[in-house]
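Asker: Protein chains in written order, with our numbering: chain A, 1 to 325; chain B, 1001 to 1138.
A single structure is presented below for examination.
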């Protein structure tokens, strides 16, 4: 016996696993992951997403977020009251709810959404949330007081503009603590499509024609002291004059671009990549605050673009200070 | 735990014409289009890969009249999952072979387009809008 929580935007049309987001959803209460204040009048609820993988490159856990607009604390709302109302909703006795709990259903005609006089029943809010002053003042479809989005547990905003794949976009980077040991696993999935092989000069930066080519700035404070690195080939590189020897190196600067010399501080010395090949380095000399770059391994490539090439780079770090998880 | 029974009306004598799923495996209910709503149940993983069973309801387009039918379906599904102990552990949510409908689903079963289909699948990495996934700053 458990509750299921229902949310709906002001206009309910689409959703499901082939869509990027849902206009309404009913989720089990135990899929709730947490909430965070966005500002004084906006709260974001986070749920695990059961029907999408959320990643173009891999199987990273996606999330559904429900963003609610409400009154501020002085006017009966605010983050604490809103999440308290939600706590009440998900733990309400099933004997009284029947298992179906509408927390915020904003679906209703308004000046921007027409077609009928009145939706049956009108808007519906969980009583304790209704006391928090749901804000439906914005009447455009999808822009109201309930917004359902898709979110992911990875970042695509930590890399330079020069490593944006033409097929899958920016590298996808996730950071996951391993147990309670202080070990952190940093996973970087990247795709070489459209990047160039550095004019066939070994140890030069592989990147787009423009834009910084770093994958990630390593920060010991966030990711720990790096103790191991491994990279696996998920799709063999193609194009770029058949360059299949690629490395990952570290460099102190964040402004290295296509064909810049990167030196020989190898984090991964890959040699010739084949499908499924994994290369491991149990002594990565990755210095705090340095940047990770993809580098040309041999003189084979030219400046033509890769047409394929997917990799997973995983680095284990260990937090050593009081931030240990 | 309740066993939820679905039948498409095809006679329940071949694959995907009928399905029995556990209420514990309900993953969620989502509108798909103005005339369809999906109900997802966790299924047996294949080689460790997560799988689901999906019931797709087809119904009238009431998005701009009385509201999307997904709310009615969601409520009925949630109620069915919590129907114990009176249901004897078994609920016919939609049995189109015998015109049996649970809860408020009966109120939409008269829609000219009403029906269900059963499919099996797995979480999708590539959503309609391109599938790069919405990134989030860590």
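From the three backbone atoms N, C-alpha and C, an ideal C-beta is built for every residue, glycine too.
A quick note: this is a predicted structure, and the numbers were derived from the prediction, not measured.
#1: Any idea what DSSP makes of residue 97/A, helix, strand or coil?
#2: Is the number of C-beta pairs between the segment 265 to 285 of chain A and the segment 237 to 251 of chain A that are closer than 8 Å three or more?
#3: In whole angstroms, what is the alpha-carbon distance linking residue 1002/B and residue 1090/B?
#4: Start and end of the alpha helix (DSSP H) containing residue 1081/B?
#5: Could you check where the alpha helix (DSSP H) with residue 2/A kicks off and where it finishes?
#6: Answer yes or no: does any C-beta atom of chain B fall closer than 9 Å to that of residue 284/A?
#7: Could you check where the alpha helix (DSSP H) with residue 1007/B kicks off and where it finishes?
#8: Excluding sequence positions up to five away, which residues of its chain have a Cβ less than 6 Å from the Cβ of residue 77/A?
#9: Return the chain-ordered list of same chain residues with a C-beta closer than 7 Å to the C-beta of residue 1006/B, the five sequence neighbours on each side being excluded.
#10: When you compare only the Cα positions, how much space is there between residue 1087/B and residue 164/A?
#11: Is there a Cβ from chain A that is less than 9 Å from the Cβ of residue 1040/B?
#12: Sorted by chain position, which residues of the same chain lie with C-beta nearer than 8 Å to residue 229/A's C-beta, five sequence neighbours on each side aside?
#13: Measure the C-alpha to C-alpha separation of residue 203/A and residue 1120/B and round it to an integer number of angstroms.
#14: Who pairs with residue 174/A in a beta bridge, going by DSSP?
#15: Please check if any C-beta of chain A sits within less than 9 Å of the C-beta of residue 1032/B.
#16: Quick check on residue 221/A: buried or exposed, where buried means 16 or more other Cβ atoms within 10 Å of its Cβ?
#17: What are the boundary residues of the beta strand (DSSP E) that residue 1091/B is part of?
#18: Select from the segment 1077 to 1106 of chain B all residues with a C-beta closer than 8 Å to any C-beta belonging to chain A, and list them in chain order.
#19: Kindly indicate which three-state DSSP category residue 240/A falls into: helix, strand or coil?
#20: Applying the 10 Å Cβ sphere with the 16-neighbour rule, what's the burial state of residue 93/A?
Answerer: Taking the geometry as given:
#1: Here the question's residue 97/A lines up with position 97 in the first chain. The answer is helix: DSSP assigns residue 97/A an H, G or I state.
#2: yes
#3: Taking the second chain and counting its residues from 1, one reaches residue 1002/B at position 2. Taking the second chain and counting its residues from 1, one reaches residue 1090/B at position 90. Taking the straight line joining both Cα atoms gives about 6 Å.
#4: In the second chain, counting from the first residue as 1, residue 1081/B sits at position 81. Run containing residue 1081/B: 1070 to 1081, per the alpha helix (DSSP H) assignment.
#5: Translated into the one-based positions of the first chain, residue 2/A becomes position 2. Segment: none, residue 2/A is in no alpha helix (DSSP H) and carries neither H nor E.
#6: For this step, residue 284/A is matched to residue 284 along the first chain. Not an interface residue.
#7: Numbered from 1 along the second chain, position 7 holds the residue referred to as residue 1007/B. Taken as a continuous stretch (DSSP letters only), residue 1007/B belongs to no alpha helix (DSSP H), being part of the beta strand (DSSP E) at 1003 to 1007.
#8: As a first step, residue 77/A is located in the first chain; it is residue number 77 there, counting from the start. For residue 77/A, where only same-chain residues beyond five positions count, the Cβ hits under 6 Å are 70, 71, 132 and 133.
#9: Taking the first residue of the second chain as position 1, residue 1006/B is located at position 6. Cβ within range, chain order: 1018, 1019, 1055, 1093, 1094, 1116 and 1118.
#10: Position 87 of the second chain holds residue 1087/B. Position 164 of the first chain holds residue 164/A. Roughly 55 Å separates the two Cα atoms.
#11: Looking up residue 1040/B in the second chain gives position 40. Chain A, which has a Cβ nearer than 9 Å to the Cβ of residue 1040/B, makes this yes.
#12: Position 229 of the first chain, counting from 1, holds the residue named residue 229/A. 248, 267, 268, 280, 281, 284, 286, 313, 314, 315 and 316.
#13: Translated into positions along the first chain, residue 203/A becomes position 203. Translated into positions along the second chain, residue 1120/B becomes position 120. Their backbone Cα atoms lie some 48 Å apart in a straight line.
#14: In the first chain, residue 174/A corresponds to position 174, counting from 1. Note: residue 174/A sits in a beta bridge opposite 187/A.
#15: Looking up residue 1032/B in the second chain gives position 32. Answer yes: the Cβ-Cβ gap between residue 1032/B and chain A drops below 9 Å somewhere.
#16: As a first step, residue 221/A must be located in the first chain, where it is residue number 221. Counting Cβ neighbours within 10 Å, residue 221/A comes out exposed, since fewer than 16 surround it.
#17: For the purposes of this step, residue 1091/B is taken as the residue at position 91 of the second chain. Segment 1090 to 1095, the beta strand (DSSP E) holding residue 1091/B.
#18: 1077, 1078, 1079, 1081, 1082 and 1084
#19: Within the first chain, residue 240/A is the residue found at index 240, counting from 1. DSSP places residue 240/A in helix when its eight states are reduced to three.
#20: As a working mapping, residue 93/A is identified with position 93 in the first chain. Classification for residue 93/A: exposed.
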